[in-house]
DNA sequence: AAGTGGTCTAGACCACGGC
DNA sequence: CCGTGGTCTAGACCACTTT
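Residue numbers (this note's numbering), protein chains in the order written: chain A, 1 to 255; chain B, 256 to 510.
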């Protein structure tokens, strides 16, 4: 991380990736926090100190801290310092500002997650989906259907519709990881952002059978629109989540 | 906004408020977008152009644009430009990254909202609430209960518990605006951030009667912890929301 | 090649909190 | 008063998109 060069970015790209410096800083701090080198409530080194330790500019450190705060991992207090968020220690749940595979969130929360149903096939979209994706009704889509369980309890039912530009049915069928990981790592252009709409609904017949619950039981319903960094729509996901054993949170700010 | 001074902040504070320059920039752009001077999908002036038009630095413009993007009002596309978000034109809903009074969100969506029930009283908290607020069980709290309707349909049922440091029962009873506005404008320290946990539940007897729905009907349930900029807990809110006529969205990013 | 947003540096001053 | 995070400027170069 440390360097004597004027612009450290050049060095970083030689070393490993072409990721921004502030992301490297974020990851370094995340490692410290998740590895409990820095405990909940504990004070981080000051911005000034971090610039020296890491050998990067103040802006870069602050960019990293801003993102970590958005994720709820730290809290910055003007005049007194930056602290590891208390809540990151207890029963941790899912922060929504960040796109993350379900099983990653579950893992961080110390819960077991398991894919108990998975099906990939090529389909022709119906009118509504075609409209939302901005495509013709005769354009083929890859449909992915997944049920995930937490501690043995079916908790999330996901149906994704992805454009073929992200790869065909075979590629996705063989993919071991999550759909989100696939979209980020294998798609061109890659997944960069998502717009998620949130509802509370009663489980219909299909959802009830997939999640093994009674019809009409309240579940969180999300419609996720997957976008590339340039705003291109890559796909759309329909999620039903049982919030009994898992739920999301959002950090909100006054503007 | 324009100035020849090295640090424009001094000027700003003389003129009116002590708000950051980038907030002024945000508000200027919001006015243009909401006033339809800039229409959905339309391209904004480039960052470079904005620095000249507004007489502020590149960083300041970018800070403003970053916040507006988080709010879902604009989309930035590397290499091509910044655009007014399409979705801000159609059936607009509530972006969750920002703390906003319910009625403000509704208003922006072009919906009528109306407070159809409101009660303020002083209470002693039960054990659970006292624990979440980090106070003794004999500390008095202000309890605010509100039902809001959208287009005549009861849609949100809110129960807030606020510390007395934010003002007594009388002050709040006479307050015309929303509780959130009160916490931001009249509280010392003021409301700055909130942590919101999201669930889907069935309406219990109380909620059903307040929202005039059947018991067991799925509603979104939120627990909002209100915090000052220094992380001090100001209060806690329990919301039940009917997502039939109104719902939230969240913009999420890959990190 | 030109235009536009993304990242980064270096340095300055302000506002807040605690000593 | 001092340490800390917050805001702001000026200038540089990179990465991506469009012409």
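In this text, a Cβ means the ideal position worked out from N, Cα and C, and glycines have one as well. All values derive from a computational prediction rather than experimental measurement.
> Shorter than 8 Å from the beta carbon of residue 504 of chain B to some beta carbon of chain A?
Replying inline: On the second chain, residue 504 of chain B is found 249 positions in, with the first residue counted as 1. Interface criterion met: the Cβ of residue 504 of chain B is under 8 Å from a Cβ in chain A.
>> Which runs of the beta strand (DSSP E) at least 3 residues long sit entirely within the segment 76 to 159 of chain A? Give them in chain order.
In response: Whole beta strand (DSSP E) segments, 3+ residues: 81 to 84, 113 to 123, 141 to 150.
> Could you give the distance in angstroms between the alpha-carbon of residue 279 of chain B and the alpha-carbon of residue 85 of chain A?
Replying inline: Counting from one through the second chain, the residue named residue 279 of chain B turns up at place 24. Counting from one through the first chain, the residue named residue 85 of chain A turns up at place 85. So the alpha carbons of these two residues sit roughly 30 Å apart.
> Can you find a CB in chain A that lies within less than 8 Å of the CB of residue 345 of chain B?
Replying inline: Working through the second chain from its first residue, we reach residue 345 of chain B at position 90. Confidence at residue 345 of chain B is low in this model, with a pLDDT of 36, below 50, so its placement is unreliable and the value that follows should be read with caution. No, residue 345 of chain B lies away from the interface with chain A (no Cβ there is under 8 Å from its Cβ).
> With 16 other CB atoms within 10 Å as the buried threshold, where does residue 71 of chain A fall?
Replying inline: On the first chain, residue 71 of chain A is found 71 positions in, with the first residue counted as 1. Classification of residue 71 of chain A: buried, given that the 10 Å Cβ count is 16 or more.
>> Run through chain B and tell me which residues come within less than 7 Å of residue 191 of chain A, C-beta to C-beta.
In response: Sequence index remark: in the first chain, residue 191 of chain A carries index 191 (1-based). Contact annotation for residue 191 of chain A against chain B: 509 [CB-CB distance below 7 Å, chain order].
> Which word fits residue 117 of chain A, buried or exposed, when buried means at least 16 other C-beta atoms lie within 10 angstroms of its C-beta?
Replying inline: Numbered from its first residue, the first chain carries residue 117 of chain A at position 117. In summary, residue 117 of chain A is exposed, with fewer than 16 beta-carbon neighbours lying within 10 Å of its beta-carbon over all protein chains present.
> By the 10 Å Cβ neighbour count, where 16 or more other Cβ atoms means buried, how is residue 333 of chain B classified, buried or exposed?
Replying inline: If you number the second chain from 1, residue 333 of chain B lands on position 78. Here residue 333 of chain B is exposed. Its C-beta has fewer than 16 other C-beta atoms within 10 Å.
> Exposed or buried, what is residue 292 of chain B when buried is set at 16 or more other beta-carbons lying within 10 Å of its beta-carbon?
Replying inline: For this step, residue 292 of chain B is matched to residue 37 along the second chain. Answer is exposed; the Cβ neighbour count stays below 16.
> Among B/297, B/351, B/412, B/355, which residue has its Cα nearest to the Cα of residue 337 of chain B?
Replying inline: Walking along the second chain from the start, residue 337 of chain B turns up at place 82. For the residues B/297, B/351, B/412, B/355, the minimum Cα distance to residue 337 of chain B belongs to B/297.
>> Can you pull out the residues from the segment 445 to 476 of chain B whose beta carbon lies closer than 9 Å to at least one beta carbon of chain A?
In response: From the segment 445 to 476 of chain B, only 445, 446, 447, 448, 449, 450, 451, 452, 453, 454, 455, 456, 457, 458, 471, 472, 473, 474, 475, 476 have a Cβ closer than 9 Å to chain A.
>> I'd like to know whether the C-beta of residue 257 of chain B is nearer than 8 Å to at least one C-beta of chain A.
In response: As a first step, residue 257 of chain B is located in the second chain; it is residue number 2 there, counting from the start. Summary for residue 257 of chain B: the model assigns pLDDT 37, below 50, so the residue's position carries little reliability, and this model does not support an answer.
>> Can you find the residues in the same chain that come closer than 8 Å, C-beta to C-beta, to residue 88 of chain A, ignoring five residues on each side of it along the sequence?
In response: By one-based count along the first chain, residue 88 of chain A stands at place 88. Note that residue 88 of chain A has pLDDT 43, beneath the 50 cutoff, so the model's placement of it is unreliable and the number below is only indicative. Excluding residues within five positions, the ones whose Cβ falls inside 8 Å are 33, 40, 72, 73.
>> If the criterion is Cβ atoms closer than 8 Å, does the pair residue 399 of chain B and residue 379 of chain B meet it?
In response: Numbered from 1 along the second chain, position 144 holds the residue referred to as residue 399 of chain B. Numbered from 1 along the second chain, position 124 holds the residue referred to as residue 379 of chain B. No, the pair does not count as a contact, with Cβ atoms beyond the cut-off.
> Between the Cα of residue 390 of chain B and the Cα atoms of B/406, B/487, B/330, B/403, which residue gives the shortest distance?
Replying inline: Taking the first residue of the second chain as position 1, residue 390 of chain B is located at position 135. Taking only the C-alpha atoms, the option nearest residue 390 of chain B is B/487.
> For the 8 Å Cβ check, are there 3 or more pairs between the segment 217 to 229 of chain A and the segment 186 to 193 of chain A?
Replying inline: Yes, since at least three Cβ pairs between the segment 217 to 229 of chain A and the segment 186 to 193 of chain A fall closer than 8 Å, the two stretches touch.
>> Which same chain residues end up closer than 7 Å to residue 45 of chain A when comparing Cβ atoms and leaving out the 5 residues on each side of it in sequence?
In response: Along the first chain, one-based indexing puts residue 45 of chain A at 45. Excluding positions up to five away in sequence, the list reads 53.
> On the three-pair Cβ rule with 8 Å, is the segment 491 to 504 of chain B touching the segment 398 to 414 of chain B?
Replying inline: Taking a cut-off of 8 Å on C-beta distances, the segment 491 to 504 of chain B touches the segment 398 to 414 of chain B, as three or more cross pairs fall below it.
>> Using C-beta distances below 7 Å, list every residue in its chain close to residue 199 of chain A, excluding the 5 sequence neighbours before and after it, in chain order.
In response: Stepping through the first chain from its first residue, residue 199 of chain A is reached at position 199. The residues are 221.
> Can you list, in chain order, the residues of the segment 43 to 66 of chain A whose Cβ is nearer than 7 Å to any Cβ on chain B?
Replying inline: Close to chain B, meaning a Cβ-Cβ distance shorter than 7 Å, is no residue of the segment 43 to 66 of chain A at all.
> Of all Cβ atoms in chain B, is any one closer than 8 Å to the Cβ of residue 128 of chain A?
Replying inline: The count along the first chain starts at 1 and reaches residue 128 of chain A at position 128. Proximity of residue 128 of chain A to chain B, defined by a Cβ-Cβ separation below 8 Å, is not satisfied.
> Would the beta-carbon of residue 298 of chain B be found less than 7 Å away from any heavy atom of the ligand PLP?
Replying inline: This structure lacks the ligand PLP, and indeed carries no ligand of any kind.
>> On the criterion of 16 or more Cβ atoms from any shown chain inside 10 Å, does residue 237 of chain A qualify as buried, or is it exposed?
In response: Locating residue 237 of chain A in the first chain gives position 237, where the first residue counts as 1. Label assigned to residue 237 of chain A: buried.
> Would DSSP call residue 324 of chain B helix, strand or coil?
Replying inline: Within the second chain, the letter at position 69 stands for residue 324 of chain B. Three-state result, residue 324 of chain B: helix.
>> Just to make sure I have the definition right: I need the residues of chain A whose C-beta is within less than 9 Å of the C-beta of residue 418 of chain B. Which are they?
In response: Numbered from 1 along the second chain, position 163 holds the residue referred to as residue 418 of chain B. By Cβ distance, chain A contributes nothing, its closest Cβ being about 17 Å from residue 418 of chain B, past 9 Å.
> What whole-angstrom Cβ distance do residue 210 of chain A and residue 147 of chain A have, given they're in contact under 8 Å?
Replying inline: By one-based count along the first chain, residue 210 of chain A stands at place 210. By one-based count along the first chain, residue 147 of chain A stands at place 147. Confirmed, Cβ separation roughly 5 Å.
> From residue 133 of chain A to residue 467 of chain B, what does the alpha carbon distance come to, in whole angstroms?
Replying inline: In the first chain, residue 133 of chain A corresponds to position 133, counting from 1. In the second chain, residue 467 of chain B corresponds to position 212, counting from 1. Those two C-alpha atoms are separated by around 36 Å.
>> Please list, in chain order, the chain A residues whose beta carbon lies closer than 9 Å to that of residue 439 of chain B.
In response: Residue mapping note: residue 439 of chain B aligns to position 184 of the second chain, counting from 1. Listed along chain A, the residues sitting closer than 9 Å to residue 439 of chain B by beta-carbon distance are 254.
>> Just verifying my parser: in three-state terms, what is the DSSP assignment at residue 288 of chain B?
In response: Taking the first residue of the second chain as position 1, residue 288 of chain B is located at position 33. Three-state result, residue 288 of chain B: helix.
> From residue 234 of chain A to residue 177 of chain A, what does the alpha carbon distance come to, in whole angstroms?
Replying inline: For the purposes of this step, residue 234 of chain A is taken as the residue at position 234 of the first chain. For the purposes of this step, residue 177 of chain A is taken as the residue at position 177 of the first chain. Straight through space, the alpha carbons of residue 177 of chain A and residue 234 of chain A are spaced by roughly 18 Å.
> What is the DSSP secondary structure of residue 194 of chain A, reduced to helix, strand or coil?
Replying inline: As a first step, residue 194 of chain A is located in the first chain; it is residue number 194 there, counting from the start. Looking at residue 194 of chain A - three-state DSSP - the assignment turns out to be strand.
> Quick one: is residue 498 of chain B near chain A, going by C-beta distance under 8 Å?
Replying inline: Residue mapping note: residue 498 of chain B aligns to position 243 of the second chain, counting from 1. Chain A, which has a Cβ nearer than 8 Å to the Cβ of residue 498 of chain B, makes this yes.
>> Just to confirm my understanding: we take residue 64 of chain A, look at its own chain, exclude 5 residues before and 5 after, and list those with CB closer than 8 Å. What are they?
In response: Start at 1 with the first residue of the first chain, and residue 64 of chain A comes out as number 64. Its chain contains 22, 23, 25, 26, 29 as the residues whose beta carbon lies nearer than 8 Å to that of residue 64 of chain A, once the 5 sequence neighbours on both sides are disregarded; these appear in chain order.
>> Less than 8 Å between the C-beta atoms of residue 196 of chain A and residue 96 of chain A, yes or no?
In response: Here residue 196 of chain A refers to the residue found at position 196 when the first chain is read from its first residue. Here residue 96 of chain A refers to the residue found at position 96 when the first chain is read from its first residue. Yes.
>> Cutting at 6 Å between CB atoms, please list the residues of its own chain near residue 419 of chain B, excluding the five before and the five after it.
In response: The count along the second chain starts at 1 and reaches residue 419 of chain B at position 164. For residue 419 of chain B, same chain residues with a beta-carbon under 6 Å away, outside a window of 5 residues either side, are 395 in chain order.
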